[in-house]
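Enquirer:
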Amino acid sequence: MTKENCLIVHVAGRQLDLLRGEASRIARDNKIDWWIDHADVGTRFCFEDAKAKETFALTCDNFGVPCRDG
Numbered sequence: 001m002t003k004e005n006c007l008i009v010h011v012a013g014r015q016l017d018l019l020r021g022e023a024s025r026i027a028r029d030n031k032i033d034w035w036i037d038h039a040d041v042g043t044r045f046c047f048e049d050a051k052a053k054e055t056f057a058l059t060c061d062n063f064g065v066p067c068r069d070g
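Numbering (the UniProt record's numbering), first residue to last: 1 to 70.
As structure tokens, then:
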């Protein structure tokens, strides 16, 4: 699995569930696959293309969830 289109977020509980739902919606809208990995600190959300990653980054910003490339 490549990590070039991944973002790491540090959330848990309901916020993590919300982001999973948003990641699923973004991937479905873009007709791509996505997956989650555990990172050293946080959770890594990975997408098959850069456009979906950027959309997810904007979603994180809108929810006030910090994210970083990962």
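Even for Gly, the Cβ is constructed at its ideal location relative to N, Cα and C.
1) Would you call the CB atoms of ALA60 and VAL9 closer than 9 Å?
2) Return the first residue and the last residue of the beta strand (DSSP E) that ILE26 is part of.
3) Which residue's Cα is closest to the Cα of ALA50: ARG20, HIS38, LEU19, ALA27?
4) Under the three-state reduction of DSSP, which class applies to ASP40: helix, strand or coil?
5) Can the beta-carbon of PHE63 be found less than 9 Å from the beta-carbon of LEU18?
6) Would you mind stating whether ILE32 and GLU48 have Cβ atoms separated by less than 9 Å?
Expert: Inspection of the coordinates gives the following:
1) Taking the first residue of the sequence shown as position 1, residue 60 is located at position 60. Taking the first residue of the sequence shown as position 1, residue 9 is located at position 9. Rather than Ala, the amino acid found at residue 60 in this sequence is Cys. In this structure, VAL9 lies closer than 9 Å to CYS60 by Cβ.
2) Residue 26 sits at position 26 when you count from the first residue of the sequence shown. Note, ILE26: premise wrong, no beta strand (DSSP E); alpha helix (DSSP H) at 13-30.
3) Translated into positions along the sequence shown, residue 50 becomes position 50. The residue with the shortest Cα to Cα distance from ALA50 is ALA27.
4) Taking the sequence shown and counting its residues from 1, one reaches residue 40 at position 40. Reduced to three states, the DSSP call for ASP40 is coil.
5) Residue mapping note: residue 63 aligns to position 63 of the sequence shown, counting from 1. Residue mapping note: residue 18 aligns to position 18 of the sequence shown, counting from 1. Yes, these two residues count as a Cβ contact at 9 Å.
6) Within the sequence shown, the letter at position 32 stands for residue 32. Within the sequence shown, the letter at position 48 stands for residue 48. Cβ atoms of ILE32 and GLU48: closer than 9 Å.
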